[in-house]
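Notes follow the structure.
Numbering (the working numbering), first residue to last: 223 to 513.
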């Protein structure tokens with residue numbers, strides 16, 4: 223395998239940091255094809271609220287794994303790993319360079335580092351989800367603590383999906399969660415991650431401007447149209463930019479409050495992304511796009 227055939231470029235970073243524009247220019251310069259690495263932009267019909275690439279942007283370079291999944295379908299990091307790795311191999315076969323682009327660090331890690339030896343058990347996953355729905359997050363955290371106390375002290379226990387996955391991993395492997403060693407899914411691949419950084423004030427301004435544009439572009443109508451087809455509990459509709467509308471539709475808050483909440487939640491999400499990307503990936507090039 224040649225250096226070109228096994229190369230994977232990545233443009234990562236927080237939301238509204240300017241990743242998309244930079245990734246397109248990079249792809250054009252290297253004969254690359256963009257592969258989505260964002261857990262929200264996978265969903266079909268969630269276009270405005272997820273800031274998915276425009277038609278013009280998609281026409282400027284090949285794009286893959288964007289807006290393909292029904293909003294009512296669950297989608298795991300393992301699902302992403304399988305599709306992204308297959309997509310990367312197809313791009314290599316065409317003699318092109320894959321450019322992973324997005325802000326979901328766990329998705330990138332799933333492809334670059336692997337997910338571990340546990341795999342998944344659909345039966346156990348459904349059982350844990352049902353238990354969570356019945357008992358709540360606190361019960362699941364206590365359950366995990368009995369299985370692996372160190373894990374509870376390490377992972378984000380406010381993230382229900384992370385808690386349920388940890389229980390699943392420990393149960394399937396009969397090993398502590400942190401001993402579940404990842405297995406690389408792309409043997410011989412050479413990853414070159416670039417992390418886009420922006421000052422806090424610049425990022426906050428971009429987020430506010432983006433949300434304003436989303437409202438002008440018809441975000442409310444997009445959400446209303448989605449709710450004609452899908453339940454409010456659909457996985458896709460738990461996304462920032464969508465769930466904030468429910469109380470407004472129920473007459474419990476104003477449209478301005480919806481906008482305010484979307485901005486706040488997006489800022490909070492960007493902060494978590496910045497924290498992750500300040501340490502990951504280990505060997506990365508930082509790109510400043512503060513202009």
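Don't be surprised by glycine CBs; every beta carbon is placed ideally from N, CA and C.
It is roughly 31 Å from the alpha-carbon of residue 493 to the alpha-carbon of residue 353. Residue 442 and residue 467 have their C-alpha atoms roughly 8 Å apart.
Put simply, of 498, 237 and 508 the residue whose alpha carbon is nearest the alpha carbon of residue 377 is 498. Taking 8 Å as the upper bound for CB-CB distance, residue 309 and residue 285 are not in contact here, some 11 Å apart.
Judged by DSSP in its simplified three-state form, residue 399 adopts helix.
The residues 416 and 418, in chain order, have a CB closer than 6 Å to that of residue 509 in the same chain once the five nearest residues on each side in sequence are set aside. By the neighbour-count criterion, in which a residue is buried when 16 or more other Cβ atoms sit within 10 angstroms of its Cβ, residue 302 is buried.
At the C-beta level, residue 321 and residue 257 come within 8 Å of one another.
For residue 335, the CB contacts under 8 Å within the same chain, skipping 5 residues up- and downstream, are 404 and 406 in chain order. Leaving aside the five residues that flank residue 363 on each side, the residues in its chain whose CB is nearer than 8 Å to its CB run, in chain order, 374, 379 and 385. By the criterion of at least three beta-carbon pairs nearer than 8 Å, the segment 325-332 is in contact with the segment 228-244.
A distance below 6 Å between beta-carbons, with the five flanking residues on each side excluded, links residue 506 to the following residues of its chain, in chain order: 415 and 417.
Residue 413: member of the beta strand (DSSP E) spanning 412-419, first to last residue. Counted as a single uninterrupted DSSP element, the alpha helix (DSSP H) harbouring residue 327 occupies residues 327-334. Residues 238 of the same chain have their beta carbon placed closer than 6 Å to that of residue 432, with the five preceding and five following residues left out of the count. Residue pairing of residue 254 in beta bridges, as defined by DSSP: 319. If you check the CB distance, residue 359 and residue 392 do not come in under 8 Å.
Excluding the 5 residues flanking it on each side, residue 495 has same chain C-beta neighbours closer than 6 Å at 236 and 325, in chain order. Residue 294 places its beta carbon less than 8 Å from that of residue 453. When only Cα atoms are considered, residue 389 and residue 381 end up about 13 Å apart. Of the other Cβ atoms in all chains shown, fewer than 16 fall within 10 Å of the Cβ of residue 500; this residue is therefore exposed. Listed as beta-bridge partners of residue 509 by DSSP are 418. Listed as beta-bridge partners of residue 394 by DSSP are no residues whatsoever. Annotation: residue 344 to residue 262 spans about 22 Å, alpha carbon to alpha carbon.
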